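Q: Going left to right, the sequence shown walks through residues 113 to 438 as my numbering numbers them.
Beta carbons: idealized from backbone N, C-alpha and C, even for Gly.
Everything numeric in this text was worked out from a predicted model, so none of it was measured.
Sharing a structure with you now.
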Amino acid sequence: MKNKLVSLLFLLWLLITLVACKPKEPTVQNNIVIGFSQSGTESSWRKAHTTSILDGLKKNKYQVIYRNGLMDQERQIQDIRSFIAYRVDMIVFTPLTKDGWEPVLKEAEQAGIDVILVDRDINSASSDLYLSHIGPSFKAEGNRAGIYVNNYFKEQPERKINVLELSGLTSASPTTLRSDGFREAIGREQNITVIQTVYGDYTRNKGKEVIRNLIKHNQLKEIDVLFSHNDEMTLGALDALKETAIQPGKDLIIVTIDGQENIIEELRAGRVNCVVECNPQAGYYVARAIERRLDGDNKQIPHEIYMPETVFSDQGDLDSIPTRNY
Ligand code: GZL
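Laid out in structure tokens, this is it:
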């Protein structure tokens, strides 16, 4: 009898302990609906960005209406209009390009729906039409790429260093800012210049196509450095270089931006020299910003929330690079 009582008391204690230790559910209302419009699925980076945001919103138990714009601005605008019609509580979107968003953002404003930009941003003329921009500092990324090149050639100040820029989508904000950041950095040196820019639209196929075209016209022989705006285009360039005697990472110094797992493998193999990280893990920051805004007393949030980022290169400890998960 006594043993039964002890067992019963133990089970009762265990039950109370388990209930008391249950993880604290996020203090958000479950009836919040978020409209999330992503610009496309052009890179592993982009897919990781999408997953991170969806996971962050799911953890907060928001209902999410997700739409993939497939790199088509008109499609994205229609998706945002459908969010407005549905009267979502908040719109989160990556603007494919810098311009052309004012009308639909004004419609969201008139409907009383806050908008958060993630990743890319839009022209500053419309900056009062969104609550916050949560993303990388693209100019800093370009700067880091340029500083790597300056340091790489600092023992050869008399040597003329020619840079080929493999640029992303011309109308996208990372393209302009990465380019500006890179040029600002190499502008400190008299001997390093960008002698040509070609456009790969952030895709592997287009990157391969434009580099192949340069190879065909024998236009790579004067080039010392390839500065590529993203890893997918760099992978395309490496595909094209396989058809030549050029040894990437040796005859041609390669600097790229994003930090995908597949490009870290190229860095470790010595075919790429520097990888500037562009952090796609925005989900935590987006969920916190929405929580602060919608958790009842409409807190203010910063207009710019930058992602933490770094740089990996053949000058550093390649074994210490964390697994990228994208
Ligand atoms: C930058 C992002 C860019 C990535 C590319 O934050 O917009 O778009 O660098 C992607 O991989 O295409």
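(1) How about E344 and S155: are their beta carbons less than 7 Å apart?
(2) Does DSSP put Y397 in a helix, in a strand, or in coil?
(3) Can you list, in chain order, the residues of its chain whose CB lies under 7 Å from that of T287, leaving out five sequence neighbours each side?
(4) Which class does D409 belong to by DSSP, given the choice of helix, strand or coil?
(5) Terminal residues of the continuous alpha helix (DSSP H) containing G319?
(6) Across the stretch 239-255 and the stretch 298-310, are there enough close Cβ pairs to call them in contact, namely three or more that are closer than 8 Å?
(7) Going by CA-CA distance only, name the one from R158, G212, I144 that's closest to I225.
(8) Return yes when the Cβ of S164 is within less than 7 Å of the Cβ of G382, no when it is not.
(9) How far does the alpha helix (DSSP H) with T206 in it reach, from first residue to last?
(10) Span of the alpha helix (DSSP H) holding F294?
(11) So, does the stretch 223-240 touch the stretch 180-187, judging by three or more C-beta pairs under 8 Å?
(12) Is V384 helix, strand or coil by DSSP?
(13) Under three-state DSSP, which class holds Q222?
(14) With DSSP run on the structure shown, which of helix, strand or coil describes Y260?
(15) Please determine whether the Cβ atom of E154 lies at a distance below 6 Å from any heavy atom of ligand 1.
(16) Can you check which of these residues, Y198, S285, N274, S119, is closest to D366 by C-alpha distance?
(17) Give a single yes or no on whether W112 has its beta carbon closer than 6 Å to a heavy atom of ligand 1.
(18) Do three or more CB pairs link the stretch 317-328 to the stretch 258-265 at distances below 8 Å?
A: Taking the structure as given:
(1) The residue labelled residue 344 in the question sits at position 232 within the sequence shown. The residue labelled residue 155 in the question sits at position 43 within the sequence shown. Yes. Within cutoff.
(2) In the sequence shown, residue 397 corresponds to position 285, counting from 1. Y397: helix per DSSP, three-state reduction.
(3) Within the sequence shown, residue 287 is the residue found at index 175, counting from 1. Short of 7 Å from the beta carbon of T287, and not among the five residues preceding or following it, lie these beta carbons of its own chain, in chain order: S279, G280, L281, H341.
(4) Taking the sequence shown and counting its residues from 1, one reaches residue 409 at position 297. Three-state result, D409: coil.
(5) Within the sequence shown, the letter at position 207 stands for residue 319. 316-328 is the span of the alpha helix (DSSP H), which, as asked, contains G319.
(6) With the cut-off at 8 Å, the stretch 239-255 and the stretch 298-310 do not touch.
(7) Walking along the sequence shown from the start, residue 225 turns up at place 113. With respect to the C-alpha of I225, the residue from R158, G212, I144 having the closest C-alpha is I144.
(8) Here residue 382 is taken as the residue at index 270 of the sequence shown, counted from 1. Here residue 164 is taken as the residue at index 52 of the sequence shown, counted from 1. In this structure, the beta-carbon distance from G382 to S164 does not fall below 7 Å.
(9) Position 94 of the sequence shown, counted from the first residue, corresponds to residue 206. Where T206 is concerned, there is no enclosing alpha helix (DSSP H), because DSSP gives it neither an H nor an E.
(10) Along the sequence shown, one-based indexing puts residue 294 at 182. Judged by DSSP secondary structure, F294 falls within the alpha helix (DSSP H) whose first and last residues are 285-298.
(11) Contact check between the stretch 223-240 and the stretch 180-187: fewer than three CB pairs, one atom from each, fall below 8 Å, which does not count as touching.
(12) As a first step, residue 384 is located in the sequence shown; it is residue number 272 there, counting from the start. Here V384 sits in coil by DSSP.
(13) The count along the sequence shown starts at 1 and reaches residue 222 at position 110. DSSP places Q222 in helix when its eight states are reduced to three.
(14) For the purposes of this step, residue 260 is taken as the residue at position 148 of the sequence shown. Assigned with DSSP and collapsed to three states, Y260 falls in helix.
(15) Position 42 of the sequence shown, counted from the start, is the residue given in the question as residue 154. Checking the Cβ of E154 against ligand 1 gives yes.
(16) Residue mapping note: residue 366 aligns to position 254 of the sequence shown, counting from 1. A small correction: the amino acid at residue 366 is Ile; Asp does not occupy that position in the sequence shown. Ranking Y198, S285, N274, S119 by Cα distance to I366 puts N274 first.
(17) Since the first and last residues shown for the chain are 113 and 438, residue 112 lies out of range.
(18) No contact exists between the stretch 317-328 and the stretch 258-265.
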